[in-house]
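1 is the number of the first residue of the sequence shown in the UniProt record's numbering; add one for each residue after it.
We put the CB at the ideal spot given by N, CA and C, even for glycine.
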Amino acid sequence: MSSKPGRLMVMAGGTGGHVFPGLAVAHLLMAQGWQVRWLGTADRMEADLVPKHGIEIDFIRISGL
Numbered sequence: 001m002s003s004k005p006g007r008l009m010v011m012a013g014g015t016g017g018h019v020f021p022g023l024a025v026a027h028l029l030m031a032q033g034w035q036v037r038w039l040g041t042a043d044r045m046e047a048d049l050v051p052k053h054g055i056e057i058d059f060i061r062i063s064g065l
């Protein structure tokens, strides 16, 4: 079994209840050598917050039904 760290894409956004737990998991895994990226929206809190934590972010557009 390989112990090589993996890659993770966190998909969380909109509110602190989603973003802050995602950041906690991301930081834990980054400290273990994982590569982490984030998927979120450009007009919510994650757009500014996530890059400040040294995590690359990709954006998607979402809307309610």
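Enumerate in chain order the residues of its own chain whose CB-to-CB distance from L49 is below 8 Å, with the five nearest sequence positions on each side excluded.
-> Answer for L49: V19, L23, listed in chain order.
Residue interval of the alpha helix (DSSP H) (run including D48) | It spans 46 to 52 - the alpha helix (DSSP H) in which D48 sits, taken as one unbroken run.
Are there 16 or more other CB atoms within 10 angstroms of the CB of E46, so buried, or fewer, so exposed?
-> Per the 10 Å Cβ criterion, buried.
Taking Cβ positions, are G13 and G54 nearer each other than 7 Å?
-> In this structure, G13 lies away from G54, with their beta-carbon atoms at least 7 Å apart.
Going by beta carbon distance, what residues of the same chain come within less than 6 Å of V10, once the five residues before and after it are set aside?
-> Excluding residues within five positions, the ones whose Cβ falls inside 6 Å are G22, A26, W38.
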